[in-house]
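Each residue of the sequence shown is one higher than the one before, starting from 0 at the first, in numbering that gives the first Met the number 0.
Glycine included, C-beta positions come from ideal geometry on N, C-alpha and C.
Structure record follows, encoded as structure tokens.
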Amino acid sequence: MRKWKLGFFAVTLALALTACGTKEEKNATPTPAPTEAVQPTATPEPTATPKPTKAPKPTATPIPEFTETFKDVYGEYGLKAGTCMSEFMCNDSRSQEFMKKNFNSITFENELKPDYILDQEASKAAGDLVVSLRPNTLKMLQWCKDNGMAVRGHTIIWHSQTPQWIFYDNFDTSGNLVGRDVMLARMESYIKQTFEVLEEAGYLEMFYAYDVVNEAWLDDGTMRPSNWLSTIGEDYLWQAFYFADKYAPEYIDLYYNDFNEQFKTEALYNFFQTLKDEEGNYLIDGIGFQAHLYTKDDMDLYFAHMDKMAELGLKLSLTELDVCLGKYQDIGYATDQNKKIQGQFYYNLISGIMDRVKAGTVEMNSLTFWGFADELSWRQEYNPLLLDRKWQPKYAYAGALMLKDYAGFEEVTE
Ligand code: GLA
Numbered sequence: 000m001r002k003w004k005l006g007f008f009a010v011t012l013a014l015a016l017t018a019c020g021t022k023e024e025k026n027a028t029p030t031p032a033p034t035e036a037v038q039p040t041a042t043p044e045p046t047a048t049p050k051p052t053k054a055p056k057p058t059a060t061p062i063p064e065f066t067e068t069f070k071d072v073y074g075e076y077g078l079k080a081g082t083c084m085s086e087f088m089c090n091d092s093r094s095q096e097f098m099k100k101n102f103n104s105i106t107f108e109n110e111l112k113p114d115y116i117l118d119q120e121a122s123k124a125a126g127d128l129v130v131s132l133r134p135n136t137l138k139m140l141q142w143c144k145d146n147g148m149a150v151r152g153h154t155i156i157w158h159s160q161t162p163q164w165i166f167y168d169n170f171d172t173s174g175n176l177v178g179r180d181v182m183l184a185r186m187e188s189y190i191k192q193t194f195e196v197l198e199e200a201g202y203l204e205m206f207y208a209y210d211v212v213n214e215a216w217l218d219d220g221t222m223r224p225s226n227w228l229s230t231i232g233e234d235y236l237w238q239a240f241y242f243a244d245k246y247a248p249e250y251i252d253l254y255y256n257d258f259n260e261q262f263k264t265e266a267l268y269n270f271f272q273t274l275k276d277e278e279g280n281y282l283i284d285g286i287g288f289q290a291h292l293y294t295k296d297d298m299d300l301y302f303a304h305m306d307k308m309a310e311l312g313l314k315l316s317l318t319e320l321d322v323c324l325g326k327y328q329d330i331g332y333a334t335d336q337n338k339k340i341q342g343q344f345y346y347n348l349i350s351g352i353m354d355r356v357k358a359g360t361v362e363m364n365s366l367t368f369w370g371f372a373d374e375l376s377w378r379q380e381y382n383p384l385l386l387d388r389k390w391q392p393k394y395a396y397a398g399a400l401m402l403k404d405y406a407g408f409e410e411v412t413e
């Protein structure tokens with residue numbers, strides 16, 4: 000049976016790879032660097048704000064304190080509203096209040112990543128990969144439970160924030176890389192234990208989605224090099240979903256999650272069609288759009304990607320939304336004008352999504368921001384989030400709530 004599955008995979012993967020072609024890399028964004036625990040110290044606003052060339056316009060409509068909450072507004076469309084949560088946010092009362100008021104879904108910024116849950120000493124002792132939850136992860140899980148949060152698991156198979164010793168003989172990088180069979184056995188054990196340890200700790204039921212694989216494809220439509228790929232081979236992604244499908248409870252949707260998604264449409268579209276069992280049923284449930292975007296991104300291209308992915312009949316989620324001012328390596332300053340453009344971007348993006356959800360052309364079950372306050376963001380120099388450095392709502396906040404009157408549509412000068 001398994002042999003048959005592998006044969007099936009090989010044919011479909013070969014077809015997919017042929018179809019992928021050699022698309023030019025359009026956006027050489029490096030994989031986001033592993034997030035350091037973000038210090039809560041406020042980074043000053045960029046000081047080099049260009050001098051206005053025209054007399055300033057009359058003051059815009061002030062942004063009010065909003066009574067609407069993200070979870071209520073998105074809930075009307077059947078979506079959960081989420082944020083990532085760092086250990087700092089989990090322990091900070093101002094962040095806690097904001098999260099409790101606004102969100103009903105949490106993704107851990109780091110604390111369920113491979114380098115957090117894989118234990119080298121225990122693995123050496125057991126002769127198998129050992130998954131264990133650290134005290135800070137358990138504390139965050141308990142906070143979610145106490146506050147009725149649903150959780151998106153993030154992430155199992157990834158090239159980054161993954162300890163390299165897992166790929167070596169005796170779990171020691173001074174030796175050789177293991178072969179395919181050993182690594183497949185380790186992958187199966189790792190995926191199985193991930194769900195087991197969460198269940199044993201009493202938290203698995205909070206999880207409604209899990210990013211089984213993160214960032215495995217490059218912008219040019221080829222597979223990203225990693226030791227998962229070099230030890231197991233090109234079917235490692237199929238294997239990961241096969242094991243996740245085998246061990247995860249039915250109520251957890253299994254996701255593939257990626258960034259620069261709008262530049263990888265063809266490769267991803269072909270790839271998802273290979274993730275099926277021998278009866279033709281998907282091993283995957285959903286596609287995660289990280290949505291690390293820029294105000295200068297092409298919205299039409301983004302929606303074209305979304306509409307194409309929706310044709311696959313899988314669920315879609317925005318999993319790490321933030322919208323930087325400017326574009327990659329060309330930061331826009333936090334001027335009122337740029338912040339208005341950002342407010343418009345959030346409005347156009349989220350209302351465009353909700354229109355599709357309402358029309359039934361896109362099935363989306365959650366929309367997660369990668370944080371909420373600029374000073375806590377991994378891309379804080381781009382001011383990508385909803386609250387400014389003083390924790391005041393930005394146009395982006397109103398835009399994300401689809402409150403057009405406050406989203407910065409008036410008085411923008413180009
Ligand atoms: C990627 C990952 C996230 C996070 C960000 C940077 O998008 O999926 O987990 O590491 O990079 O914060």
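(message) Whole angstroms are fine: how far does the CA of Gly-331 sit from the CA of Val-196?
(response) 44 Å
(request) Return the residue from the list Ala-243, Phe-344, Lys-307 and Tyr-250 that minimises the CA-CA distance to Thr-264. (result) Lys-307
(request) Report the three-state DSSP secondary structure of Leu-400 (helix, strand or coil). (result) coil
(message) Taking 8 Å as the cut-off, does the region 162-171 touch the region 122-139 (at least 3 CB pairs, one atom from each stretch)?
(response) yes
(request) Could you tell me whether any non-hydrogen atom of the ligand GLA is closer than 7 Å to the CB of Lys-86? (result) Going by the sequence as given, residue 86 is Glu instead of Lys. Because no heavy atom of the ligand GLA lies under 7 Å away, the Cβ of Glu-86 does not count as near it: no.
(message) Using 8 Å as the threshold, is the C-beta distance between Ala-290 and Gln-343 below it?
(response) no
(request) Compare the Cα-Cα distances from Asn-90 to each of Asn-135, Glu-75 and Ala-80 and report the closest residue. (result) Asn-135
(request) Return helix, strand or coil for Asp-335, following the three-state DSSP convention. (result) helix
(message) Assuming Gly-152 is part of the beta strand (DSSP E), what are its boundary residues?
(response) 149-156
(request) May I ask you to report which of helix, strand or coil DSSP gives Asp-306? (result) helix
(message) Quick check: the Cα distance between Ala-184 and Thr-161, rounded to an integer number of angstroms?
(response) 17 Å
(request) Per DSSP, which residues does Pro-392 bridge with? Please list them. (result) Leu-386
(request) Verify the contact flag: His-291, CB atom, against every heavy atom of the ligand GLA, threshold strictly below 7 Å. (result) yes
(request) Confirm, please, whether the CB-CB distance from Lys-393 to Leu-385 is below 8 Å. (result) yes
(message) Distance check for Tyr-76 and Met-98, CA to CA, integer angstroms please.
(response) 20 Å
(request) Starting from Tyr-255, follow the beta strand (DSSP E) in both directions and report where the run begins and ends. (result) 252-257
(request) Would you list the one or two residues that DSSP bridges to Tyr-293? (result) Cys-323
(request) Flag this pair as yes or no: are the beta carbons of Gln-324 and Asn-382 separated by less than 8 Å? (result) First, the amino acid is wrong: residue 324 is Leu here, not Gln. Taking 8 Å as the Cβ cut-off, Leu-324 and Asn-382 qualify as a contacting pair.
(message) Report the CB separation of Phe-166 from Asn-226 in whole angstroms; it is logged as a contact under 8 Å.
(response) 4 Å
(request) Please confirm whether any heavy atom of the ligand GLA lies closer than 7 Å to the CB of Asn-213. (result) yes
(request) Assign Ala-247 to one of three DSSP states: helix, strand, or coil. (result) coil
(message) Just to confirm before moving on: does the CB-CB distance between Gly-174 and Ala-208 stay below 8 Å?
(response) no
(request) Kindly indicate which three-state DSSP category Lys-79 falls into: helix, strand or coil? (result) strand
(request) Only counting runs of 3 or more residues, tell me where the beta strand (DSSP E) segments fall wholly within the region 193-246, in order along the chain. (result) 206-213
(request) Return the first residue and the last residue of the beta strand (DSSP E) that Asn-364 is part of. (result) 363-368
(message) Here's the rule I'm using: 16 or more other beta-carbon atoms within 10 Å means buried, otherwise exposed. How should Asn-103 be labelled?
(response) buried
(request) Give the C-beta separation of Phe-242 and Ile-190 to the nearest angstrom, bearing in mind that I take them to be a contact with Cβ-Cβ under 8 Å. (result) 4 Å
(request) May I ask which residues mark the beginning and end of the beta strand (DSSP E) holding Phe-107? (result) 104-107
(message) I'd like to confirm something about His-158: is its beta-carbon nearer than 7 Å to some heavy atom of the ligand GLA, or not?
(response) no
(request) Go ahead and label Arg-133 buried or exposed: buried means 16 or more other beta carbons lie within 10 angstroms of its beta carbon, across all protein chains shown. (result) exposed
(request) Would you mind working out which of Asn-109, Phe-107, Val-130 and Glu-110 sits nearest Asp-118, comparing C-alpha positions? (result) Val-130
(request) Return yes when at least one heavy atom of the ligand GLA lies under 7 Å from the C-beta of Phe-258, else no. (result) yes
(message) Using the Cβ count rule (16 or more neighbours within 10 Å means buried), how would you classify Pro-113?
(response) buried
(request) Go ahead and label Tyr-254 buried or exposed: buried means 16 or more other beta carbons lie within 10 angstroms of its beta carbon, across all protein chains shown. (result) buried
(message) With three or more C-beta pairs closer than 8 Å as the rule, is the region 305-320 touching the region 349-363?
(response) yes
(request) Taking Gly-74 as part of the alpha helix (DSSP H), name the residues at either end of that continuous run. (result) 69-74
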